[in-house]
């Protein structure tokens, strides 16, 4: 694995804070067209066995070549490590002129793991303008425990990000992030290829850590997400806990958030 | 002569704090006077009001305010749904 292709610590800190990373034009247009052809002709309908090694599916298909691109493989490695497990995939189709309504959700309320996480990758094989309704993500929702689609009442949250992108763009996201498919107001069918992967190793320092001590890392971890409002401090503490897990550094802190809570001295001063 | 009916519009405003003057961080709109469907408006969307108080000044009537509650013991660091959900209504007279 070429170290220079792995995520940087700043990018990982951004992932820890917002729950997703976006990479534009990762996949060459020709390969996008070939993968799109596989989606639209139903060639990718069949799923690989759940839990099988991710190295197995699509040995000859264009979609396999997409995920074996060196940069794509390096990002996957940075988040879930070597030899991840295939969970499932879907070539999500939103037909032309389809209204989706409000459908914000979190995928897996039953996944109550505290720190370990799966990733999902959203690959857009065609140019996806606003009106075609690319996936909408709500940054900073990955530590919120809600019951799948019970958040459907929420139509808009400040800071929401919609995938408006060129062909070949990928979003890599923590599976707990809130998201929704959007309405397709165009006369053209829209595909988004979704892939879920599970780690098979401890998710610790799997990225390029050369810049771990850069001040930009703390900046990214400290960022305020507007919709958090009064809950910002608790979100920050969860983020710090997650960063401790990712770096294997149980003493990491931003200022003294956990430092205060963990400060319960037992030293008895004689004659006090 | 068409019968006049009162129909309800509901506006959900999610605030960053319990104060009705605090900033709107999310919103939803359900309009019983029309068949139009409301959904996420995209990433550049602006909330219809800056606060619940602003909406009240525009004629919206608050019909529910959120409880303020301490977290359960042992769940102090857990967040889940949006915390400060205010429900507002307007009634509109519709012919037919």
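Residue numbers (this note's numbering), protein chains in the order written: chain F, 581 to 852; chain H, 301 to 396.
Backbone N, C-alpha and C define an ideal beta-carbon position, used for all residues, glycine too.
Please read all numbers here as calculations on a predicted model, not as lab measurements.
Query                                                                                                       : Result
Proximal residues, the segment 349-371 of chain H versus chain F, C-beta separation under 9 Å               : 371
Chain-ordered residues of the segment 801-820 of chain F with a beta carbon less than 9 Å from chain H      : 806, 807, 808, 809, 810, 811, 812, 814, 815, 817, 818
CA nearest to the CA of residue 774(F), picked from 625(F), 614(F), 599(F)                                  : 625(F)
Listed by chain order, chain H residues near residue 757(F) by CB distance under 8 Å                        : Result: empty, since nearest Cβ-Cβ is about 13 Å, beyond 8 Å.
Test item: CB-CB of residue 834(F) and residue 801(F) under 7 Å                                             : yes
First through last residue of the beta strand (DSSP E) which encompasses residue 700(F)                     : 699-704
C-alpha distance - residue 321(H) paired with residue 686(F), whole-angstrom precision                      : 30 Å
Residue 382(H): contacting residues in chain F (beta-carbon distance under 7 Å)                             : 734
Within chain F, partners of residue 379(H) - CB distance below 8 Å                                          : 723, 724, 725, 811, 814, 815, 818
Beta carbon of residue 643(F) nearer than 7 Å to that of residue 676(F)                                     : no
Close Cβ partners of residue 593(F) (< 6 Å) along its chain, the five nearest in sequence each way excluded : 797, 800, 801
Burial state of residue 646(F), where buried means 16 or more other Cβ atoms lie within 10 Å                : buried
Contacts that residue 325(H) makes with chain F (C-beta to C-beta distance below 9 Å)                       : 737, 738, 739, 806, 807, 808, 809
Same chain only: Cβ atoms within 7 Å of residue 387(H), ignoring 5 sequence neighbours per side             : 310, 312, 363, 364
Any C-beta of chain F under 7 Å from that of residue 332(H)                                                 : no
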